[in-house]
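J.: Residues 1 to 67 in the UniProt record's numbering are what the sequence shown lists, from first letter to last.
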Amino acid sequence: MAKNEFFIEQRPDGRYNVLRPNAERASATTDTQGQAIDRARAIDPNATIHVERVRDIGLGRDKWRKL
1 MAKNEFFIEQ RPDGRYNVLR PNAERASATT DTQGQAIDRA RAIDPNATIH VERVRDIGLG
61 RDKWRKL
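#1: Excluding sequence positions up to five away, which residues of its chain have a Cβ less than 6 angstroms from the Cβ of Lys-3?
#2: Taking the continuous beta strand (DSSP E) assigned at Arg-65, which residues delimit it?
#3: Would you decide whether Arg-20 is buried or exposed? Buried here means 16 or more other CB atoms lie within 10 Å of its CB.
#4: Using 9 angstroms as the threshold, is the C-beta distance between Ile-8 and Ile-37 below it?
Here it is, written out as structure tokens:
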């Protein structure tokens, strides 16, 4: 995976993490998904951002969508 990617995923407490691929810690944590996207763009404007699409139709998370 490329270094210039971010993943936005929802935490169990409802907040959002901004993560690099294979990161153990979040680059940022925000209250809303929109704030997380803005924060990822502020960190690296050229990065590809993937947002978690959460649907409760089965086990685990559903899919990622690229912005």
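Quick reminder that beta carbons are idealized off the backbone N, C-alpha and C, glycines included.
T.: Result, derived from the coordinates:
#1: Against the sequence shown, residue 3 aligns to sequence position 3. For Lys-3, where only same-chain residues beyond five positions count, there are no Cβ hits under 6 angstroms.
#2: Within the sequence shown, residue 65 is the residue found at index 65, counting from 1. Residues 63–66.
#3: In the sequence shown, counting from the first residue as 1, residue 20 sits at position 20. Flag for Arg-20 reads buried.
#4: Position 8 of the sequence shown, counted from the first residue, corresponds to residue 8. Position 37 of the sequence shown, counted from the first residue, corresponds to residue 37. Cβ distance < 9 angstroms, so Ile-8 and Ile-37 count as in contact.
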